[in-house]
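To start, the structure itself, in structure tokens.
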Amino acid sequence: MARLSRRSALISGGALGALGALGTSSPAQARSPLRWTWQPSGSVAGSGAGADPRWVWDEEADPLLASLLDRGVIPKVNELLWNWERNEQALPAGLPSDLRDFMEHARRMPPWADKNKLERAAEFNKSRGIYLNLCNGPGGGILATAIPNEARSVYYSAGGADMEDRVAKTSLFGFAVGSLDAYRPGGSCVIECVKTRLVHAAVRHLLQQSPHWKGDIPISQEDMLVTWHTLPTFAMRKMREWNVPISKADSDAYLHVWQVTAYLLGIKEEYIPADWEAAYAQSDQILPRNMGPTPEGVKLTDILLGQLAEQTSPASISRPLCNALARYLVGDQVADWDGIPREPVWDRLLPQMWPLLVRFREGLVPLPLVPEAAWTIDEALRQYILFYLTKGKETKIEIPTHNRPE
Numbered sequence: 114m115a116r117l118s119r120r121s122a123l124i125s126g127g128a129l130g131a132l133g134a135l136g137t138s139s140p141a142q143a144r145s146p147l148r149w150t151w152q153p154s155g156s157v158a159g160s161g162a163g164a165d166p167r168w169v170w171d172e173e174a175d176p177l178l179a180s181l182l183d184r185g186v187i188p189k190v191n192e193l194l195w196n197w198e199r200n201e202q203a204l205p206a207g208l209p210s211d212l213r214d215f216m217e218h219a220r221r222m223p224p225w226a227d228k229n230k231l232e233r234a235a236e237f238n239k240s241r242g243i244y245l246n247l248c249n250g251p252g253g254g255i256l257a258t259a260i261p262n263e264a265r266s267v268y269y270s271a272g273g274a275d276m277e278d279r280v281a282k283t284s285l286f287g288f289a290v291g292s293l294d295a296y297r298p299g300g301s302c303v304i305e306c307v308k309t310r311l312v313h314a315a316v317r318h319l320l321q322q323s324p325h326w327k328g329d330i331p332i333s334q335e336d337m338l339v340t341w342h343t344l345p346t347f348a349m350r351k352m353r354e355w356n357v358p359i360s361k362a363d364s365d366a367y368l369h370v371w372q373v374t375a376y377l378l379g380i381k382e383e384y385i386p387a388d389w390e391a392a393y394a395q396s397d398q399i400l401p402r403n404m405g406p407t408p409e410g411v412k413l414t415d416i417l418l419g420q421l422a423e424q425t426s427p428a429s430i431s432r433p434l435c436n437a438l439a440r441y442l443v444g445d446q447v448a449d450w451d452g453i454p455r456e457p458v459w460d461r462l463l464p465q466m467w468p469l470l471v472r473f474r475e476g477l478v479p480l481p482l483v484p485e486a487a488w489t490i491d492e493a494l495r496q497y498i499l500f501y502l503t504k505g506k507e508t509k510i511e512i513p514t515h516n517r518p519e
């Protein structure tokens with residue numbers, strides 16, 4: 114790959130540029146040659162063993178969930194946790210004692226969490242919600258299907274059999290992170306993170322029993338980091354690419370809310386980037402070695418874009434626009450891996466129209482009440498998406514007890 118200057122690599126999206134250098138290499142080839150060289154000195158911990166995260170999992174949650182599954186208590190646990198939904202809420206009575214002890218520990222905020230930054234991040238989400246929703250929804254979702262480990266773990270786990278339900282539960286998590294009260298007592302982000310951590314541990318145990326799973330133990334620390342970078346790191350890079358004005362205080366606050374989220378998901382502090390420079394450097398190293406095409410990724414992409422077209426138009430007539438939007442967000446290499454067809458008209462128009470829309474919107478943001486109005490519209494869209502995905506039924510994150518049915 115041609116050598117880029119440090120600044121141009123960080124600002125322009127070095128990781129996605131590096132993907133192009135992989136050409137049509139297989140996921141195994143994309144994954145194996147690059148050694149782990151990212152230093153823990155760039156983490157929120159400031160130090161660490163420097164172990165390759167692809168061989169590190171969750172030593173606290175994994176044996177616990179394996180035991181709970183073997184004991185057959187997960188259905189009762191899901192029932193008890195159904196109405197556990199606010200950060201301030203006590204754990205329900207009746208949980209197994211080992212699970213209760215773990216969850217009481219897992220729900221604690223990290224000692225370095227900064228309340229002021231979390232509040233500022235909420236305000237940033239209010240004014241920049243349209244970009245964040247676009248990047249973390251269609252953008253992050255399509256990137257995820259080009260991550261072989263993630264595509265396969267989603268496809269062959271229980272959630273892969275009902276993608277509307279799977280996307281709805283993923284959306285619950287994403288919306289919790291982006292909500293105004295994410296980490297306030299009345300918010301739900303701590304709850305969704307802890308539940309997701311339990312789900313990950315269960316999937317690690319269950320997927321190894323699937324005849325379709327041929328890889329190592331799924332959802333390693335590296336796998337979680339890769340997914341993490343398809344969310345805040347990808348979103349920040351795209352907003353910079355679109356020339357969205359963002360102050361250093363706002364960008365630091367946005368990173369901070371995702372640092373706290375990573376911690377609560379069970380990512381070790383020595384792997385959580387301390388600043389954007391460290392985040393970009395880590396992303397540039399691990400995305401190229403973890404991305405590529407798979408049949409499962411192509412199938413999931415078709416399902417996701419089909420859902421987006423159904424949400425946005427009668428009879429899915431907006432599918433060509435959805436295809437072009439996905440390609441515009443993730444680039445040609447990832448779009449081709451995911452089997453997204455080219456759309457001659459929209460592929461040409463979107464890159465011309467979107468920068469104009471961004472400039473128009475940013476001209477309105479400083480006006481009185483515009484951020485509040487924008488947030489109201491964004492929130493209405495989120496609620497519509499959840500209603501569509503759930504068909505109006507209440508949906509919550511639950512621990513699986515099986516893999517995708519044969």
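Take the sequence shown: its letters are residues 114 to 519, numbered as in the working numbering.
Cβ coordinates follow ideal geometry from the N, Cα and C atoms, glycine included.
For aspartate 329, the number of other beta carbons within 10 angstroms of its own is below 16, and it is reported as exposed. DSSP places methionine 352 inside the alpha helix (DSSP H), whose first and last residues are 347–354. If you draw a straight line from the Cα of proline 331 to the Cα of leucine 462, it is about 40 Å long.
Apart from sequence neighbours up to five positions away, no residue of its chain approaches glutamate 232 with a beta-carbon distance below 7 Å. Sequence-distant Cβ neighbours of glycine 273 in its own chain, meaning closer than 6 Å and more than five residues away, are Val267, Arg517.
Between aspartate 365 and lysine 228, the gap from beta carbon to beta carbon reaches 8 Å or more. Rounded to whole angstroms, glutamate 382 and isoleucine 430 show a C-alpha spacing of 45 Å. Here the alpha carbon of proline 468 sits roughly 45 Å from the alpha carbon of glutamine 321. Given a length threshold of 4 residues, each whole run of the alpha helix (DSSP H) inside the region 192–244 is given here in chain order: 210–219.
As computed with DSSP, asparagine 516 is found in a beta bridge with Ser270. In the DSSP assignment, histidine 313 falls within the alpha helix (DSSP H) that extends over 302–320.
For serine 396, the uninterrupted alpha helix (DSSP H) run begins and ends at 389–399, by DSSP. Taking C-beta separations shorter than 6 Å and ignoring five residues to either side along the sequence, the partners of tryptophan 151 in its chain run Gln395, Gln398, following chain order. With a cutoff of 8 Å on beta-carbon distance, isoleucine 510 and phenylalanine 286 are scored as near each other. In this structure, the CA atom of glutamine 446 is about 26 Å from the CA atom of aspartate 165. In the DSSP assignment, asparagine 436 falls within the unbroken alpha helix (DSSP H) covering 432–443.
Listed as beta-bridge partners of serine 426 by DSSP are no residues whatsoever. Between aspartate 451 and the set Lys327, Tyr367, Gly252, Pro224, the nearest pair of CA atoms involves Gly252. Around the beta carbon of asparagine 238, 16 or more other beta carbons lie within 10 angstroms, which makes this residue buried. Ranked by Cα distance from glutamate 456, the options Arg432, Leu442, Arg474 are led by Arg432.
Under the criterion of beta carbons closer than 8 Å, proline 298 and asparagine 200 qualify as touching, at roughly 6 Å. Within the DSSP secondary-structure output, serine 154 pairs in no beta bridge. If you look at glutamate 277, you'll find it in the alpha helix (DSSP H) that goes 276–291. Take leucine 212, set aside five residues on each side of it, and the residues of its chain with a beta-carbon closer than 8 Å to its own are Leu177, Leu181, Val190, in chain order. Pairing leucine 413 with threonine 258 gives a Cβ-Cβ distance under 8 Å. Methionine 404: not part of any alpha helix (DSSP H); DSSP gives it neither H nor E.
In the structure shown, the three-state DSSP call for proline 386 is strand. A straight line joining the alpha-carbon of threonine 407 with that of leucine 400 spans about 16 Å.
Excluding its 5 nearest sequence neighbours in each direction, proline 223 has C-beta neighbours in its own chain below 7 Å: Val373, Tyr376, listed in chain order. In the displayed model, leucine 378 falls within coil according to three-state DSSP, outside both helix and strand. Around the beta carbon of alanine 428, fewer than 16 other beta carbons lie within 10 angstroms, which makes this residue exposed. In this model, lysine 282 and phenylalanine 288 are separated by some 10 Å (Cα to Cα). Using a 10 angstroms sphere on the CB of aspartate 214, the tally of other CB atoms stays under 16, which defines it as exposed. In the three-state reduction of the DSSP assignment, histidine 325 falls in the coil class, being assigned neither a helical nor a strand state. Around the CB of tryptophan 168, fewer than 16 other CB atoms lie within 10 Å, so the residue is classed as exposed. Here the alpha carbon of alanine 348 sits roughly 5 Å from the alpha carbon of cysteine 248.
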